[in-house]
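Colleague:
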Amino acid sequence: MKLFITKQLKHNHGKFKPTLLCLVLASLLISCTDNKQSDSAVLINSSVNSSDVTPQTEDALTSTNIDIWPELNADVKTETVIENKIAALLATMTLEQKVAQMIQPEIRDITVEDMRKYGFGSYLNGGGSFPNANKHATPNDWVQLAEDMYQASIDDSLDGNSIPTMWGTDAVHGHNNVIGATLFPHNIGLGSASNPELIEKIAAITATEVMVTGIDWVFAPTVAVVRDDRWGRAYEGYSEDPEIVREYSAAIVKGLQGAADKDFLGDERVISTVKHFIGDGGTQGGDDQGNNTTSEQELFDIHAQGYVGGLTAGAQSVMASFNSWHGNKIHGYKYLLTDVLKDKMGFDGFVVGDWNGHGQIKGCSNESCPQAINAGLDIFMVPTDAWKPLYENTIAQVKSGEIPLARIDDAVSRILRVKFRAGLFEKPSPINRTLSGKTKLIGAEEHREVAKQAVRESLVLLKNKNNILPLSPKQNILVAGDGADNIGKQSGGWSITWQGTNNTNQDFPGGSSIYAGIEQQVIAAGGQVTLNVKGDFKSKPDVAIVVFGEEPYAEGVGDIENLEYQQGVKQDLALLNKLKTQGIPVVSLFISGRPMWVNAELNASDAFVAVWLPGSEGDVVADVLFKNTNDEVNYDFTGKLSFSWPSAADQTNVNRFDQDYQPLLPYGFGLAYGDENILADDLVVITDTTKTNLQGITLFESAIKAPWKVVISDANSSTHMVSNVVENNTVYLRTIDRNVQEDARRIVFNGKGFGEVSFSSEHAIDLTPYQKSGSVLEVAVRLPQGYTVSKDKPVYISMDCGEQCEGLVDISKTLSSLEMNQWQTLNINLRCFEQAGADLTDITNPFSLATKSVFTIDFMDVFIKETSVNAINLACD
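Going letter by letter, the sequence shown gives residues 15 to 891 in the working numbering.
Written out as structure tokens, the structure reads:
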């Protein structure tokens, strides 16, 4: 086995030439003169062994070393003509006009008239935000909004300003906010493809589809080097190692913006953003927006390489990161934003903030943050209605001297520099640009062909017992699992909606599910195919293909405690075992945004494929799985792991070059047809995290967790929550913000009859072990100011176990004693539900909240876990 892995590592990334790995030769202190040196050897010399870095606390960083950082020779050079234009325009601008260039509001929070009055330098649409608040807005709707905002920005009748505005959008795996756009595999899959030339094509196609909708600016590429796979944005990283990230960053920037010496920011190109500066992939515990405590040398060697690649290629904007470095929030960290990025590395574009990231700086709020501007932030990304007080406060802070006018002039000069380079002063208005309104380019067949190539090259074969793959399409094939015919699930987060949730196949016109490709190939070859999510069949199949994996998520929501797949609720494993016990060979296709601990699922599978998050072109997975009609290999597996695969649930930060490197499968692993299978059916399925402690179950944390779905019910009907707002005759449910965007829910019961909100699943779970350990149902609640709890009608939290089987616990007395408008945690011992009639061996609804009362309540963070301190414990004796 060790010999086989060694051979794999020697040829994994053969597409990367050693000479291309030398972008920062001096700063990396390596020699690249010998092109016979292997890629792995170059990286071993250039990488820091994370095991050698002494763990540091937030206050451990006592000094910095600017000499660590290189002086980059960017492809895009300063031009005297443009600098003269900047100076001339800046000299005519008022302070109010300058600050307006630094304010970036969101389309849900401003009107065209606001743009006319203030002349914002830019604006954005956040994830799940659309023109006219319409998810199914057409490309022409997008163009029209772009045109209206542009015309308002150059209208000087109110603000005296005619500087064109810019629209920024998160097009992170294609133009993912727009219905019908081509969605490419997420970055983690592209990392497995190891193909920079393909990546540049993908970026160019993305630029084209973005330009069709009149948008100027893309918040991509993400160049995080992910070190802890618990992070909910792991799939936005190409790799755990900077090898791929550095080259991909340069390739994507060139694809989006064009090459500096060719069509740089021409009529078919967009402004790119290298993000998030810096260290977001290396936070402690994989905590989104958390603290990175690596040394400064490792911050450069590991986490800065995407900026070396992207900025050298000419990226014009950098997005500041939510995370901290040694306790200092990057949005307010002058040393990194100004001394390192701008002064030493020579970046002359602008730095834009992330979603109200400035408000997280100590002493700041969303409405006021001079610290961020003084640190080097050039554009405030300020969604919600905080933009107006922020604008006014910033003007006042400049007038008072708290923000130097020179810093404002520098920021505005950088913004204008990018606008001049992008030709925004000369280009026609958005509706009249070269590609605008050419809707046939959205999801064009030639674009989808490139996406299909990316899917084929991203698949990684982890197990192939007895060479079961490739399959003959002439067999009787059963296709099971909830991911088989589910384009939304295979596309993941940042797919139309922010979290990638509440989508159906109809939301992806032109796209295809994994099942669609299987069905097409099998029927064409004369075989038989049956789709049954639960794995039921009438005629015993020759083989079962089971498509399963993580539900879609994005930042915050995607953070997890450990890497165990379906911790506590193993319904997909039950499906695999159900088929296995019937003597049916099983091929598992695992959809995920990160490597996960799936030893039990691997044991139950004859073949196991990491398909990652392939995007809208799921049908081509079948191209690799099946032989052609001549019984020959159609496409071989070529994908190699760009993330190490864990050997235990708590092996969350296993990374290439670690001193004690013992993954289940190493960085660079990936079988091809004919390779020896190395994974037997006896992998360890109990680790320290499951052997000594009963792990809690997360039901809701920022979002509902699989396999449960949010259901609202009245006396006559039940409805799944498939959007941010849902209601029936008695219940109104919507998303609200507490700590981050849409991390809590508000329920309004109107008192017109019975109303209920529940977490429901077709798969029952056994909570008996949790009851025996004394576990509780924990939920954080808040009673909004001005709402009261009726004393004559109970409010129930219950656990349900089918028809006429439930355990009701009345919480109205406890609620009536709570302080208004304050979040408080309630704990209900599982024994209470059992005493009230629930069969804990067969729970299908582990959380329901119901009443006939007029009642409003906010909730978040619903767990089954050990009792928490500082919680209100409800008695049930």
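Heads up, the beta-carbon is just placed ideally off N, CA and C, and yes, glycines get one too.
Which stretch, first to last residue, makes up the alpha helix (DSSP H) that contains Val226?
Modeller: First-last of the alpha helix (DSSP H) with Val226: Pro210 to Val226.
Colleague: I'd like to know if the segment 290 to 304 and the segment 336 to 344 are in contact, where contact means that at least 3 CB-CB pairs between them fall below 8 Å.
Modeller: Yes: at least three Cβ pairs fall under 8 Å.
Colleague: Given His372, which residues of its chain have a CB within under 7 Å of its CB, disregarding the five upstream and five downstream residues?
Modeller: If we look at His372 and ignore the five residues flanking it on each side, its Cβ neighbours are His345, Cys378, Cys383, Ala386, Leu391 and Phe394.
Colleague: When the distance is taken between beta carbons, is Pro178 closer than 7 Å to Leu438?
Modeller: Yes, these two residues count as a Cβ contact at 7 Å.
Colleague: Report yes if the C-beta distance between Leu781 and Ile842 is below 7 Å; otherwise report no.
Modeller: Going by C-beta atoms, Leu781 is not nearer than 7 Å to Ile842.
Colleague: What's the gap between the Cα of Leu350 and the Cα of Ala318?
Modeller: If you take the alpha carbons of Leu350 and Ala318, they lie about 11 Å apart.
Colleague: Please tell me whether Ala614 and Leu655 are closer than 7 Å, where the distance is taken between their beta carbons.
Modeller: No, the pair does not count as a contact, with Cβ atoms beyond the cut-off.
Colleague: Give the C-beta separation of Val724 and Val771 to the nearest angstrom, bearing in mind that I take them to be a contact with Cβ-Cβ under 8 Å.
Modeller: Indeed, because the Cβ distance is near 7 Å, the residues count as touching under 8 Å.
Colleague: Closest by CA to Glu564, which one among Gly570, Ser526 and Asp496?
Modeller: Nearest option by C-alpha distance: Asp496.
Colleague: Do Val560 and Ser602 come within 7 Å of each other at the CB atom, strictly closer than that value?
Modeller: Yes, they are a contact pair.
Colleague: Is it buried or exposed for Gly133, if we count other Cβ within 10 angstroms and need 16 for buried?
Modeller: Under this definition Gly133 is a buried residue.
Colleague: From which residue to which residue does the beta strand (DSSP E) around Leu603 run?
Modeller: Its beta strand (DSSP E) spans residues Val600 to Ile605.
Colleague: Would the segment 348 to 364 count as touching the segment 425 to 445 if we require 3 or more Cβ pairs under 8 Å?
Modeller: Counting Cβ pairs under 8 Å, three or more are found: they touch.
Colleague: How big is the Cα-Cα spacing for Arg283 and Gly272?
Modeller: So the two alpha carbons sit approximately 6 Å from each other.
Colleague: As an exercise, report each continuous alpha helix (DSSP H) stretch of at least 4 residues that is fully enclosed by the segment 352 to 397, in chain order.
Modeller: The qualifying runs are 384 to 389.
Colleague: Between Leu355 and Asn516, what straight-line distance do the alpha-carbon atoms span, to the nearest angstrom?
Modeller: Roughly 39 Å between the two C-alpha positions.
Colleague: Select from Val795, Pro783, Gly769 and Phe768 the residue whose C-alpha is nearest the C-alpha of Ala758.
Modeller: It is Val795 whose Cα lies nearest to the Cα of Ala758.
Colleague: Whole beta strand (DSSP E) runs in the segment 734 to 777 with 3 or more residues, listed along the chain?
Modeller: The qualifying runs are 739 to 741, 745 to 750, 758 to 764 and 769 to 774.
Colleague: By how many angstroms is the C-alpha of Pro609 removed from the C-alpha of Pro487?
Modeller: C-alpha separation (whole angstroms): 29 Å.
Colleague: Can you tell me where the beta strand (DSSP E) with Ser206 in it begins and where it stops?
Modeller: Counting along the chain, Ser206 falls outside any beta strand (DSSP E), though it belongs to the alpha helix (DSSP H) covering Asn201 to Ala207.
Colleague: Any chance you could list the alpha helix (DSSP H) runs of at least 4 consecutive residues sitting entirely within the segment 507 to 552, in chain order?
Modeller: Complete alpha helix (DSSP H) runs here, min 4: 528 to 538.
Colleague: Decide if Ala248 is buried, meaning its Cβ has at least 16 other Cβ atoms within 10 Å, or exposed.
Modeller: Result: buried.
Colleague: Counting Cβ pairs, one atom from each stretch, are 3 or more of them under 8 Å apart for the segment 143 to 162 and the segment 99 to 112?
Modeller: Counting Cβ pairs under 8 Å, fewer than three are found: no touch.
Colleague: Report yes if the C-beta distance between Leu627 and His200 is below 7 Å; otherwise report no.
Modeller: In this structure, His200 lies closer than 7 Å to Leu627 by Cβ.
Colleague: Give me the Cα-Cα distance between Gln534 and Phe278, rounded to the nearest whole angstrom.
Modeller: Near 42 Å, if we compare the C-alpha coordinates of Phe278 and Gln534.
Colleague: From the DSSP output, which residues share a beta bridge with Gln838?
Modeller: Answer is Val795.
Colleague: Excluding the five sequence neighbours on either side, which residues of its own chain have a C-beta within less than 8 Å of the C-beta of Gly415, listed in chain order?
Modeller: So no residue of the chain qualifies.
Colleague: State the Cα-Cα distance for the pair Leu590 and Val600, rounded to the nearest angstrom.
Modeller: Near 7 Å, if we compare the C-alpha coordinates of Val600 and Leu590.
Colleague: Could you tell me the boundaries of the alpha helix (DSSP H) in which Ala410 lies?
Modeller: Its alpha helix (DSSP H) spans residues Trp401 to Ser414.
Colleague: Taking the straight line between their C-alpha atoms, what separation do you get for Trp611 and Phe640?
Modeller: If I take the Cα positions, the gap works out to 27 Å.
Colleague: What are the start and end residues of the beta strand (DSSP E) that includes Trp181?
Modeller: Met180 to Thr183 is the span of the beta strand (DSSP E), which, as asked, contains Trp181.
Colleague: Please state if the CB of Thr326 and the CB of Ala88 are separated by a distance shorter than 7 Å.
Modeller: It is a contact, given that the beta carbons lie within the stated cut-off.
Colleague: Is Gln928 buried or exposed, if buried means 16 or more other CB atoms sit within 10 Å of its CB?
Modeller: With the chain running from 15 to 891 in the structure shown, residue 928 is simply not present.
Colleague: What separation, rounded to the nearest whole angstrom, lies between the Cα atoms of Val623 and Gly572?
Modeller: Whole-angstrom Cα-Cα distance: 22 Å.
Colleague: Where does Ala436 sit, in a helix, a strand or coil, going by DSSP?
Modeller: Coil, per DSSP.
Colleague: If you reduce the DSSP assignment to three classes, tell me which class Ser101 lands in.
Modeller: Per the sequence shown, the amino acid found at residue 101 is Ala instead of Ser. In this structure, Ala101 counts as helix in the three-state DSSP scheme.
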